[in-house]
Each structure stands twice: as structure tokens, then as C-alpha cells.
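Okay, so here's the structure we're looking at.
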Amino acid sequence: MSGHSKWSSIKHKKGALDAKRGQLFTKLAREITVAASKGSSPDPAMNSALRLAVQRAKDANMPNANIDRAIQRAVGGGDGAHLVEATYEGYGPGGTAVLVEAVTDNRNRTVADVRLAFTRGGGNLAEAGAVAWQFDLRGLLAVSADVADPDELQLAAIEAGAEDVSLDDGEVEVVTGSGQLEGIRERLVEAGFEVLRAEIARVPQSTVALDEKTAEQMLRLLERLDELDDVSRVYSNADFPSGVLEAAG
């Protein structure tokens, strides 16, 4: 799980650059539009998937006006009506499993871009079902440990119903059942803790340890995939050496 956690953390630190060029906000807006269009209601209070998408956008400091426009695109039936979710599976360097989630208005374009990224990154696109079974759907929370006692924070998370808690680089990662994410997040916020990020994610059941050279190749592949406009999330079961991750961060 540490490999996924660290990769997510690195992406978050680099998020400011994405925001400057608009890519991050565009991806988040698409997630919001799809959640608003496929759910039972375009009202976040009545649509849990939309509520989580909106929270992710707020965690990334996305302006409220952008969030409102993304919801209205789903309600108005404009460009948002043509957006669909797609999942791609593949293998990366060292035999690692890679799961790619995308939001697109053109499946042919997206699969071509994803296939090219895999090829250039030393991996290959696989058939549906090839690696998805190696990942479980879980809730992930990143909570700041800078202004709180880590032991108290971990105890509070466990008492709130967390499945696993770990401390890493000034953050406490809290793993929950996918249906318990919102409730545990609310309890931690009410207890005075600062929740930095909250998301439903694909967490690997086990990880593949990589040597330094292979890990560097793997990071480049993940970055290639994540930089694609249509790609919203990238997951892997890679376990990176700490030195490689520190250099990337």
C-alpha cells in the first residue's frame, strides 16, 4: 500500500504546477460532471459520488465557480452529456500491475493515447480483467500530523472505524471501507484534525518490490499516463525504493 500512497503524495505536491496550466482543474471538473450526470441527483447533498468529487476539487483549491459550472454542464446536457468513464489495465516495468481510470468524450482517442504511453514507458496495455482483480476499492484519507499528536490521530481514526492507519512524512494515511469514507472523514474533522485529501481509490492487495532502475522507469510510466488529459487516476502495485521516491518528490 505504501507504493500507492507515496505516488499519490508525489502527485499532490506537483499539483500546483498542474493547476497553473489548468490540467488538474479540467480533470476534476470532468469528474464532477460525470458524477452529477450519472447519479440520482445533481445536488451533492443527495449524490454521494458527486459529493466526493466536489470535495476532491475543494481539497485542490478549485474555485467554487468552476465547481458550479461543472455541475451545470451535466444538468444542461451540453458537452458533459458526452463524457463517459473508462478503465484500462496494463503491465509496467518489472511486471507491475497498472490500472488507469479515464473520463473521455472519445474512447478511440483515449485508448490510443493510453496504449502509446504504456509502450513508451516500457509497459503494455492488457485486456480488460487482466489486473483489476489485484486491487480493492477502499477509502483513503490523508490527515496532517503537523499540528496534532500522531498517536492521538491514529487512535481517533481507529475509533472512528478505520481499517488501517500509518504515519508517513508528516501525514497519517487512513484506510477505510469504501462506504465508510465520508463518515470517518466527518468524525476526524469534528475532532479537530485537518483532512488534506479524501478519495475512493483502488488499493493493491499486495505490492511488487522494484530495484532502483526499474522503479525510475515505472515512475516515468505513471507520469506519462497521469499527464494525459483524459486520465483521471492511475494506480499501481509498485513498491518504490525510498531513494527514488525522495528524488521524485
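Under our numbering, the letters of the sequence shown match residues 2 to 250, in that order. In this text, a Cβ means the ideal position worked out from N, Cα and C, and glycines have one as well.
Burial state of residue i, where buried means 16 or more other Cβ atoms lie within 10 Å
i: V64; result: Before going on, a small fix: residue 64 reads as Pro here, not Val. Burial call: exposed.
i: Q206; result: exposed
i: K214; result: exposed
i: S179; result: exposed
i: H5; result: Bear in mind that a pLDDT of 49 at H5, under 50, signals an unreliable position, so the model cannot answer this.
i: R121; result: exposed
i: L220; result: buried
i: N125; result: exposed
i: V76; result: exposed
i: D69; result: exposed
Simplified DSSP state of residue i, which is helix, strand or coil
i: T34; result: helix
i: L141; result: strand
i: S41; result: coil
i: D169; result: strand
i: V132; result: coil
i: G164; result: Rather than Gly, the amino acid found at residue 164 in this sequence is Glu. In the structure shown, E164 sits in coil (DSSP, three-state: anything other than H, G, I, E or B).
i: S233; result: strand
i: A202; result: strand
i: L84; result: coil
i: G178; result: strand
i: E217; result: helix
i: R116; result: helix
Beta-ladder partner(s) of residue i, from DSSP
i: A210; result: D240
i: L1; result: An answer regarding residue 1 cannot be provided, because it is not within the stretch 2 to 250 covered by the chain.
i: P151; result: For P151, which the question treats as bridged, DSSP gives no partner whatsoever.
i: L223; result: In the DSSP output, where bridge partners are listed per residue, L223 has none listed.
i: E191; result: DSSP output for E191 lists no bridge partner at all.
i: L100; result: E90 and Y236
i: T105; result: V85
i: V196; result: V144
Residue i CB to nearest heavy atom of the ligand COA below 7 Å
i: V235; result: The model on display carries no ligand, and the ligand COA is accordingly not part of it.
Distance between residue j and residue i (C-alpha atoms, nearest Å)
i: K28; j: D152; result: 35 Å
i: N48; j: A37; result: 8 Å
i: Q56; j: A199; result: 8 Å
i: R139; j: S233; result: 17 Å
i: T88; j: V132; result: 11 Å
i: A17; j: L197; result: Note that A17 has pLDDT 48, beneath the 50 cutoff, so the model's placement of it is unreliable and the number below is only indicative. Cα to Cα, A17 sits roughly 15 Å from L197.
i: F136; j: V101; result: 12 Å
i: V204; j: G162; result: 18 Å
i: M2; j: T208; result: Confidence in M2 is poor, its pLDDT being 43 and thus under 50, which makes the residue's placement unreliable; the coordinate value appears in the next sentence. Each residue's alpha carbon lies about 7 Å from the other.
i: A30; j: R108; result: 18 Å
i: V235; j: A149; result: 30 Å
Contact under 8 Å by Cβ, residue i with residue j
i: A158; j: I185; result: yes
i: A127; j: Y92; result: yes
i: S237; j: V99; result: yes
i: A146; j: V190; result: no
i: L141; j: V104; result: no
i: G130; j: Q218; result: no
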